[in-house]
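Here is the structure we will look at, set down as structure tokens.
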Amino acid sequence: MEDIEMYKKMLEIRKFEEKVYDLFTQNLIPGTMHLYMGEEAVAVGVCAALTPNDFITSTHRGHGHCIAKGASLKKMMAEIFGKKTGYCKGKGGSMHITDKNIGMLGANAVVGGAIPIAVGAGLSCKLKYPERVTVCFFGDGASNQGTFHEGINMASVWDLPVIFVCENNLYAMGTRQSLVMNIEDISERAAGYGIPGATVDGNDVMAVYQEAQRAVTRARNGDGPTLIECKTYRHKGHSRFDPAKYRPQEEVAEWMARDPIESFRYKLLDKGIPEEFLHKIESTVETEIEEAVEFAEESPLPEPEDALKDVWVVE
Amino acid sequence: MEDIEMYKKMLEIRKFEEKVYDLFTQNLIPGTMHLYMGEEAVAVGVCAALTPNDFITSTHRGHGHCIAKGASLKKMMAEIFGKKTGYCKGKGGSMHITDKNIGMLGANAVVGGAIPIAVGAGLSCKLKYPERVTVCFFGDGASNQGTFHEGINMASVWDLPVIFVCENNLYAMGTRQSLVMNIEDISERAAGYGIPGATVDGNDVMAVYQEAQRAVTRARNGDGPTLIECKTYRHKGHSRFDPAKYRPQEEVAEWMARDPIESFRYKLLDKGIPEEFLHKIESTVETEIEEAVEFAEESPLPEPEDALKDVWVVE
Amino acid sequence: MREITVVEALNEALREEMRRDENVVLLGEDIGKYWQGAFKVTKGLEEEFGPERVRDTPISENAIAGCAVGAAMTGLRPVAEIMFGDLVALAMDQICNQAAKLRYMSGGQVSVPMVLRTPFGAGGSYASHHSQSLEAWFVHVPGLKVVQPSNAYDAKGLLKASIRDDNPVVFCEHKFVYGLKGTVPEEDYVVPLGKAHVAREGEDITIIATSLMVDRALKAAAALEEEGISCEVVDPRTVRPLDEEELCASARKTGKVLIVHEACDTGGISGEITKTLVRRVFYYLDAIKILAGKDAPIPFAPVMEKWVAPDEERIKKAVKEIVL
Amino acid sequence: MREITVVEALNEALREEMRRDENVVLLGEDIGKYWQGAFKVTKGLEEEFGPERVRDTPISENAIAGCAVGAAMTGLRPVAEIMFGDLVALAMDQICNQAAKLRYMSGGQVSVPMVLRTPFGAGGSYASHHSQSLEAWFVHVPGLKVVQPSNAYDAKGLLKASIRDDNPVVFCEHKFVYGLKGTVPEEDYVVPLGKAHVAREGEDITIIATSLMVDRALKAAAALEEEGISCEVVDPRTVRPLDEEELCASARKTGKVLIVHEACDTGGISGEITKTLVRRVFYYLDAIKILAGKDAPIPFAPVMEKWVAPDEERIKKAVKEIVL
Ligand SMILES: Cc1ncc(C[n+]2csc(CCOP(=O)(O)OP(=O)(O)O)c2C)c(N)n1
Ligand SMILES: Cc1ncc(C[n+]2csc(CCOP(=O)(O)OP(=O)(O)O)c2C)c(N)n1
Ligand SMILES: [Mg+2]
Ligand SMILES: [Mg+2]
């Protein structure tokens, strides 16, 4: 992926979520909402190292992963609105967006729940699609789940092409990392499974991209899984109206000053990309988001009885 | 504990199990049976560092832990026979022997199942009995369970006085360690939880004892948990009539030559303990075992309807 | 008497029991001072009792339950919270194989006085991983008690009884029962486990409803009264042990029964209740009807989500189908 | 026709499906060449298909199930083994929250064609952690199919049908059904999921029995025949979907029903079956009786263990209580 494309993807995530948040506070969107804002460099950096055929699994905070992997903003927005035209026909909502066609195996609202699923997708890669890899995104909180341990160990002993990407945003809801684990770098856990681990600045999209590329190359060469920890930070609260008062103001300020999109924008300008060009991208993105909202708003609601469809595969 | 006592305890385990195995092959004992023979130095070395008030949790292979912690051979034997006078009134059998009075919180037939339970007992120690510690025994196979990860992490962040003792006998049923994990020393996993880990010769009772003492001291001082891996080997198959053909003959021979009891006996003799003294211990143990069998044989069976008792605490 | 919400009632129960007995400790994800529990049930408790007794845990559901088991076996009386009921799926081994069976397997040597609290139920567009009602899983496990409060008075009294009970109790709170207000006395009281509550007396039909469905059944009953149909509404309160006497007495009295729960129909506790009635009062019954959640995971979109659970209208309709 | 055991029949089903479709892969603890499966169901399969398709796993039940889910979503057709049915408690999240719901939550985009095989049942003095029958947990989860074969012919045909089914299937094998012999054709066949089997025709009473209880019910029926009582024995074979038509037809014909399962009474599938009969044929029924496992964990000692499960004598007694 070109760096300009990465910039555009990060911006899509940011603008999409700003919009969604706005609609949400206006009560136009049901349920709850976990925003990815601030962590865009992780999803985009990692997915930049992937092909459309590669698989990813995601979390309750999945908008960024979807967009980075190439999901349609329209169908995402429609899903978040609970419309029939959404990715999941309104059945999944924000926490379950899935796009099988682009290898996005689903956001997943059980913390750590998708880790073994990613291992299984990795097994399919190994046995059926030797050119593909699977990326498994999960949080710092998820890394204390049994599934983390069982899943990574299994991928390790089977040399599966799975890249485990821990998005360490320092908190699980209101729980700071240091309250629930006695280590600083979650990548240290890789040694317990005999696989490489790396910690990277998760707000630096190029750093993430390079680390991901190394891991993807290993995986494609049959050398098994890698654990990459990306240190990052969420700009918003955990969900809905969480004001995130449990975070010290200086900490928030420090991380806000390291916005992954802004800093990458400076780099692009430094590199000589004309500002007008970036402006053009920015307004393209705005338009795409508006179109997505329009699509969602104009789309029909599901019928109540649709609730009974898609429970089983019916021959 | 005196070294002579350790010798006697190891011998009790060995002779108890030889007897049980004998009875089992004569079809006098129902169910299945996981023998601890060959691993005696682990249970005895660890329990030698404990007081009667300390807690332990155990596994499906629990005879050694029970005896080392001071359980009654009679009540154990009666339980294995399925008699009313057994520790569990015939409800538990070999895999669930419990003696609350000596802090033996139960053998447990879910592999890894007792790990979080030990963490809970450690929490009680911390809050109620600051002088006590909890030891959690489990196998190499169990260390791939989610409970291992979740439990040790929790004990670590709460600085609980729990000593995690991994009995690495190189196999989980027919599965060699290298087939299911990509590391050599399971103690390496300790680093992922920010706690000390150590690997020790599990066939050397004094080495185990010393390592356990260090860990127990740390725990009693409020310095939190330790993971101790004891490398050992089972003399028999996994269970029942398993001939254990999956193990290379040379490997078996090598380990049989390192019998923890025999080698400790040599050490005692070297130290100047008179052989007659050891003979006396040996015959005392034989008598105790015979008495246990007699007790079990003469004990009554439970009534069928006893099956409905002890399900709930009834006021 | 003062009116408080179910959340407040539960909070009071925890607070008072913690004051009464220093062995009562709480553990769960984000239950401490930073978040106060996902639904604020543990509000202010870390502040009062400190971090040793109100313990924020890692996200490790099976270890949370298992730690409670081990603590309960050794002298504490832990109340563990699983943040959403759907996630009990991760803790089934510790709840059902360990907590429920350790007393039995040890021949009665140990007891496991723990409570596992968890919010069940749909209604907030939380979708399929945060909305189920899974009480039926626990009802099938000997050694457990299973509680489902439907109002503030019961919530407080039942939680206190559960904490004082020497058995492991799965305490199922409904997210949309949390906000219901009711009168709750200031003084200490318990609601004994295993006793149903006749929430409304009536003659024509017995509605056996659980959890949030009690509220809906009462509303339906009030509306039906105006149409001349007299409904008795019985709330089992504990679904294990089930108060067979009370349920059968009411069924026998009216001869007609409607069972209402939010959990999926197939395999839900309506089966067990039906079986109980058939066993004990079969020949007194004219009709039994079941109105339960649709046989689907809980969907996200409100228009579908609302449709899968029984509501007042459907309850009224079902009653009329039986009575008229 | 040749007679083979249920274990052999299951082994053949796996072997033939693996030959037929290279996407079929097996995973589980000790299923490979070193141990061949705790009950030898996977005997010789690693030898024939190699370690890539017959995978010994670490002891990680939730990851075994979850790996199967992910593999099934992406083109394989995994058959995962959980070594003992009690240990499904560790894998409930992946089976019930993931496998069962992923199709639904994705709006039908994905399917999860996996089979989770596991041996249930008491009888070997394996005690409370290795003896339960937990099919009722899965019956309550929309999105799953649940199968319980009772004989060799069905075992083979149902396992093949399960592997070819595009839905997640929980395949419950009984440890003491494993050794039962029956005639099994050499040629390929499937037994469709969702179709009950009238294992014996009769007039006076319908015995609905599952798994090992079918064998006991048939023996009881044969003995009762001599006493002049004619029993129809119906084996649902799949408890979800339940063949309501067949069950109701038989119940309607005889007017008397005895439901027999080994799982604990309270919360067991007898409730769901009772509910189905009450819903559909209430007015045709003279009597429904349930004979299920006692409400206790499974004890170790044979004298108690034998007593907790329904046996031939108890079935006969129950039939007589209804019929005479
Ligand atoms: C198994 C499980 N436990 C608890 C929850 C409730 N919950 C949702 S998100 C969350 C925090 C997750 O933290 P982390 O993994 O760090 O991801 P982040 O939200 O920071 O991206 C919790 C506890 C859940 N959904 N699943
Ligand atoms: C959770 C669980 N999975 C599988 C089993 C079946 N099983 C009993 S013992 C055992 C092997 C355990 O190996 P390890 O932990 O190394 O202990 P060891 O038997 O070597 O002492 C297995 C797989 C079980 N009892 N529990
Ligand atoms: Mg986080
Ligand atoms: Mg081992």
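Residue numbers (the numbering used here), protein chains in the order written: chain L, 1 to 315; chain Y, 316 to 630; chain Z, 631 to 954; chain W, 955 to 1278. No residue lacks a Cβ here, since even glycine has one placed at the ideal position from N, Cα and C.
Can you list, in chain order, the stretches of the beta strand (DSSP E) that have 3 or more residues and sit fully within the region 453-502 of chain Y? Entirely contained in the region 453-502 of chain Y, the beta strand (DSSP E) runs reaching 3 residues are, in chain order, 477-483.
For the beta strand (DSSP E) containing Ala198 of chain L, name the first residue and the last one. Under the DSSP assignment, Ala198 of chain L falls in the beta strand (DSSP E) whose first and last residues are 197-201.
What ranges does the beta strand (DSSP E) occupy inside the region 20-74 of chain L, keeping only unbroken runs of at least 3 residues that lie completely in it? Entirely contained in the region 20-74 of chain L, the beta strand (DSSP E) runs reaching 3 residues are, in chain order, 55-57.
State the DSSP-derived secondary structure class of Asp795 of chain Z, mapped to helix, strand or coil. DSSP, read as helix, strand or coil, puts Asp795 of chain Z in coil.
Residues bridged to Arg747 of chain Z by DSSP? Z:Glu711, Z:Phe801, per the DSSP bridge assignment.
Roughly how far, in whole angstroms, is the beta-carbon of Gly1156 of chain W from the beta-carbon of Asp310 of chain L, given that I think they are within contact range, below 8 Å? About 41 Å; that fails the 8 Å criterion.
Hey, how far is the Cα of Glu678 of chain Z from the Cα of Phe669 of chain Z? Going from the Cα of Glu678 of chain Z to the Cα of Phe669 of chain Z covers about 18 Å.
Where DSSP assigns a beta bridge to Arg1009 of chain W, which residues make up the other side? Answer by DSSP bridge pairing, in chain order: W:Leu981.
Is Ile417 of chain Y near Pro367 of chain Y, with beta carbons less than 7 Å apart? Taking 7 Å as the Cβ cut-off, Ile417 of chain Y and Pro367 of chain Y qualify as a contacting pair.
Whether Gly197 of chain L touches Cys230 of chain L by CB criterion (7 Å): Note that the C-beta distance between Gly197 of chain L and Cys230 of chain L is not below 7 Å.
Nonlocal neighbours in the same chain, by C-beta distance under 6 Å from Val1152 of chain W, ignoring five residues either side: For Val1152 of chain W, same chain residues with a beta-carbon under 6 Å away, outside a window of 5 residues either side, are Val1188 in chain order.
Step through the CB atoms of chain Y and report whether any lies within less than 7 Å of the CB of Trp1261 of chain W. By this cut-off, Trp1261 of chain W is an interface position.
At a Cβ threshold of 7 Å, is Ala1019 of chain W touching chain Y? Answer no: the Cβ-Cβ gap between Ala1019 of chain W and chain Y never drops below 7 Å.
CB-CB under 7 Å to Gly1020 of chain W, same chain, minus the five flanking residues each way: which ones, in chain order? Same-chain partners within the cutoff: Gln1048, Gln1052.
With a cut-off of 7 Å, does the C-beta of Ile584 of chain Z fall near any C-beta of chain L? The question about residue 584 of chain Z has no answer, for chain Z in this structure spans 631 to 954.
Compute the Euclidean distance between the alpha carbons of Thr959 of chain W and Tyr1132 of chain W, then round it to the nearest angstrom. Inter-residue distance for Thr959 of chain W and Tyr1132 of chain W is about 7 Å (C-alpha atoms, whole angstroms).
Do you know whose CA, among W:Glu1216, W:Gly1247, W:Ala1203, W:Met1037, lies nearest Val1232 of chain W's CA? Of the listed residues, the one whose Cα sits closest to Val1232 of chain W is W:Ala1203.
So Asn692 of chain Z contacts chain L; which residues on that side make the cut at Cβ distance below 7 Å? Chain L residues near Asn692 of chain Z: Gly146.
With a 10 Å radius around its C-beta and 16 neighbouring C-beta atoms as the bar for buried, classify Thr1160 of chain W as buried or exposed. By the neighbour-count rule (16 or more Cβ atoms within 10 Å), Thr1160 of chain W is buried.
Does the region 432-447 of chain Y touch the region 342-360 of chain Y, meaning 3 or more C-beta pairs lie closer than 8 Å? No, they do not touch.
Taking the beta carbon of Glu297 of chain L as the centre, do at least 16 other beta carbons fall within 10 Å, making it buried, or is it exposed? Here Glu297 of chain L is exposed. Its C-beta has fewer than 16 other C-beta atoms within 10 Å.
Check: Leu172 of chain L C-beta below 6 Å from any heavy atom of ligand 3: In the sequence as displayed, the identity of residue 172 of chain L is Ala instead of Leu. Result yes, Cβ under 6 Å from ligand 3.
How far does the alpha helix (DSSP H) with Leu842 of chain Z in it reach, from first residue to last? Where Leu842 of chain Z is concerned, the enclosing alpha helix (DSSP H) stretches over 842-856.
What residues in its chain sit with their C-beta under 8 Å from that of Val938 of chain Z, if we drop five residues either side in the sequence? Correct list, in chain order: Ala752, Gly923, Lys924, Ala926, Ile928, Pro929.
Whose Cβ in chain Y lies nearer than 7 Å to the Cβ of Lys189 of chain L? At residue 189 of chain L the sequence reads Arg, which differs from the Lys that was named. For Arg189 of chain L, the residues of chain Y that pass the 7 Å Cβ criterion are Gly507, in the order they occur in the chain.
Is there a Cβ of chain Z sitting closer than 7 Å to that of Ala1090 of chain W, yes or no? It does; some Cβ of chain Z falls within 7 Å.
Ligand 2 and Ala695 of chain Z: does any heavy atom of the ligand fall closer than 6 Å to the residue's C-beta? Because no heavy atom of ligand 2 lies under 6 Å away, the Cβ of Ala695 of chain Z does not count as near it: no.
Distance cut-off 6 Å: Gly62 of chain L Cβ against heavy atoms of ligand 3: No; taking the cut-off as 6 Å, the Cβ of Gly62 of chain L has no heavy atom of ligand 3 nearer than that.
Since Lys546 of chain Y is in the beta strand (DSSP E), which residue starts that stretch and which ends it? It spans 541-546 - the beta strand (DSSP E) in which Lys546 of chain Y sits, taken as one unbroken run.
Return the bridge partner residues of Leu1245 of chain W from the DSSP annotation. DSSP lists W:Val1214 as partners of Leu1245 of chain W.
Contacting positions in the region 218-247 of chain L - beta carbon closer than 7 Å to chain Y: Cβ contacts with chain Y: none found.
For the region 698-725 of chain Z, list every residue whose C-beta sits within 9 Å of some C-beta in chain Y, in sequence order. Those would be Ala698, Val699, Gly700, Ala701, Ala702, Met703, Thr704, Gly705, Leu706, Pro708, Leu720, Asp723, Gln724, in chain order.
Could you tell me whether the Cβ atoms of Arg189 of chain L and Gly507 of chain Y are closer together than 7 Å? In this structure, Gly507 of chain Y lies closer than 7 Å to Arg189 of chain L by Cβ.
Quick one: is the Cβ of Asn484 of chain Y within less than 6 Å of any heavy atom of ligand 5? Ligand 5 is not part of this structure, which contains only ligand 1, ligand 2, ligand 3 and ligand 4.
Who does His827 of chain Z pair with in a DSSP beta bridge? Bridge partners of His827 of chain Z: Z:Asp865.
Measuring straight from C-alpha to C-alpha, what distance separates Cys166 of chain L and Val205 of chain L? When rounded, the separation of the alpha-carbon atoms in Cys166 of chain L and Val205 of chain L is 15 Å.
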